[in-house]
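Notes follow once the structure below has been shown.
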Amino acid sequence: MSSNILVVGSINMDLITVLERFPKVGETLLGQTFTTALGGKGSNQAVAAARLGAQVAMIGAVGDDANGDAALKILQQEGVDCSGIAVKTGMSTGIASITVAEGDNHIIVVSGANFALSLADIDAHADLFAAADVVLCQLEIPMDCVLHAAKLAKQHGATFVLNPAPAQALSAELLALVDVMTPNHTELKQAFALSETASDADIAQILPAHMQLVMTEGANGASHYSAEGKRHWPAFKVDVVDTTGAGDTFNAGLAVYWSQGLDVAVQHAQASAALAVQKLGAQTAMPTADAVGMFIKQQMH
Ligand code: RIB
Numbered sequence: 083m084s085s086n087i088l089v090v091g092s093i094n095m096d097l098i099t100v101l102e103r104f105p106k107v108g109e110t111l112l113g114q115t116f117t118t119a120l121g122g123k124g125s126n127q128a129v130a131a132a133r134l135g136a137q138v139a140m141i142g143a144v145g146d147d148a149n150g151d152a153a154l155k156i157l158q159q160e161g162v163d164c165s166g167i168a169v170k171t172g173m174s175t176g177i178a179s180i181t182v183a184e185g186d187n188h189i190i191v192v193s194g195a196n197f198a199l200s201l202a203d204i205d206a207h208a209d210l211f212a213a214a215d216v217v218l219c220q221l222e223i224p225m226d227c228v229l230h231a232a233k234l235a236k237q238h239g240a241t242f243v244l245n246p247a248p249a250q251a252l253s254a255e256l257l258a259l260v261d262v263m264t265p266n267h268t269e270l271k272q273a274f275a276l277s278e279t280a281s282d283a284d285i286a287q288i289l290p291a292h293m294q295l296v297m298t299e300g301a302n303g304a305s306h307y308s309a310e311g312k313r314h315w316p317a318f319k320v321d322v323v324d325t326t327g328a329g330d331t332f333n334a335g336l337a338v339y340w341s342q343g344l345d346v347a348v349q350h351a352q353a354s355a356a357l358a359v360q361k362l363g364a365q366t367a368m369p370t371a372d373a374v375g376m377f378i379k380q381q382m383h
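For the sequence shown, the working numbering assigns the number 83 to the initial residue and increments by one for each residue that follows.
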């Protein structure tokens, strides 16, 4: 299996503090550990896809600072083609301040250079779209860049997968270009302006006929919605250490195995995410294709 994935998305340096419980407003707490690691939904999905054996290229932007240098070095070491990553003079690389506690996380992103990515930066690397089987985007870069990437994916016959995170409303123009959308429940509601109590029937009704939707439901598994109806897969049962980047790992797995059919793609996406949540951090926790294969075999016995 070899798939060509182009990720158009964000690159952050994650500043990760682990503590026993989240602080209350106005409270000072002593944390347990502090680490930095490469993150950003785009770069996480690129690294996860590369570890799963895909040929991966990335379009994005970093600042001309130490975090930007480190990001490029790490992505290159992971085998990601960084020729499409612009270095923005005088700007800071994006950072994410992450607190991990009580089996969950809080994330605050300061976008920096990610929001300086331009249509011209993307056009300069149209060759990467021509080589891609799947173009994978998230929402941590300017919306006009996401739309442009979707248009170029269509022009070049690639499958356009949108992970609509962080949650926001999406235009009809963008929705018309999305082949596969991978929201969680909150993102789904915002993307389609659905009510809090929206049912499966409501989702089926708003779903454009051309679109497949794979909704991630954390410990409850994942569901696929399409014109043919709904399917659900329960999650693998594992001990969760840190969910940061689990959604990114799932998206990468889905994109890498998409050409092998829905069942294989969802199974590998879920197995990849199940392995990722058992370790601290986003990219530090992402598994290789071999580890995913072994995990699936173990789970089947
Ligand atoms: O999805 C996890 C990612 O969200 C983190 O790595 C952080 O950088 C934010 O973009």
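Virtual Cβ for every residue (Gly too), placed ideally from N, Cα, C.
Check the DSSP bridge columns for residue i and list the partner residues they point to.
i: M297; result: S305
i: L218; result: V89, V243
i: T181; result: T99, H188
i: V374; result: V374 is not bridged to any residue.
i: K233; result: Paired residue(s): none; K233 is not in a bridge.
i: A198; result: A198 is not bridged to any residue.
i: V311; result: Checking the displayed sequence, the identity of residue 311 turns out to be Gly instead of Val. BP columns for G311 point to S308.
Indicate whether residue i and residue j have their beta-carbon atoms separated by less than 8 Å.
i: G176; j: G122; result: yes
i: A183; j: V162; result: no
i: M263; j: P246; result: yes
i: A371; j: L88; result: no
i: V216; j: T241; result: yes
i: L234; j: F197; result: no
i: G311; j: C219; result: no
i: T331; j: A119; result: no
i: G145; j: S174; result: yes
i: A275; j: A251; result: yes
i: L201; j: V228; result: no
i: A195; j: A143; result: yes
i: A232; j: L259; result: yes
i: A178; j: I190; result: yes
i: S125; j: L157; result: yes
i: A130; j: M368; result: yes
i: V322; j: G108; result: no
i: A280; j: K271; result: yes
i: G150; j: V138; result: no
Among the candidates the options, whose CA atom is the shortest distance from the CA of residue i?
i: A351; options: G363, K361, V338, L362; result: V338
i: G329; options: Q381, A168, L97, A356; result: A356
i: D345; options: V296, V359, G327; result: V296
i: T99; options: M293, E222, N187; result: N187
i: K319; options: G335, R313, N302, G327; result: N302
i: A214; options: V191, V243, Q220; result: V243
i: A286; options: Y307, D151, A364; result: Y307
i: M140; options: G343, A364, P369, E160; result: E160
i: G327; options: P316, T298, W315; result: T298
i: T117; options: A280, L362, A291, S253; result: L362
i: I167; options: I189, M225, N94, T110; result: N94
i: A152; options: N266, A373, D96; result: D96
i: W315; options: D324, W340, I288, V348; result: V348
i: A254; options: A131, T115, M293, Q360; result: M293
i: G375; options: M225, A364, S354, R103; result: S354
i: I223; options: I204, N86, V322, G239; result: I204
i: T171; options: G185, K106, L199; result: L199
i: S85; options: L336, Q381, A373; result: L336
i: N333; options: K379, L289, A358, I378; result: A358
i: A317; options: T325, D324, A304; result: A304
i: A385; options: H383, D324, A373; result: Nothing in the structure corresponds to residue 385, since the chain is present only between 83 and 383.
i: P265; options: D147, L221, H383, A148; result: L221
i: M225; options: E278, S341, A273; result: A273
i: S341; options: P105, D147, E102, D261; result: D261
Within 8 Å of any Cβ in chain B, is that where the Cβ of residue i sits?
i: V100; result: No chain B is present in this structure, which holds just one protein chain.
At which residue ranges does the segment 85-123 contain complete beta strand (DSSP E) runs of 3 or more residues, listed in the order of the chain? 86-90, 94-100, 115-121
Let me know the beta strand (DSSP E) ranges lying completely inside the segment 318-357, each 3 residues or longer, listed in chain order. none
Unbroken alpha helix (DSSP H) runs of length 4 or more, entirely within the segment 144-181: which are they? 148-159
Going residue by residue through the segment 250-300, where are the continuous beta strand (DSSP E) segments of at least 3 residues, counting only ones entirely within it? 294-298
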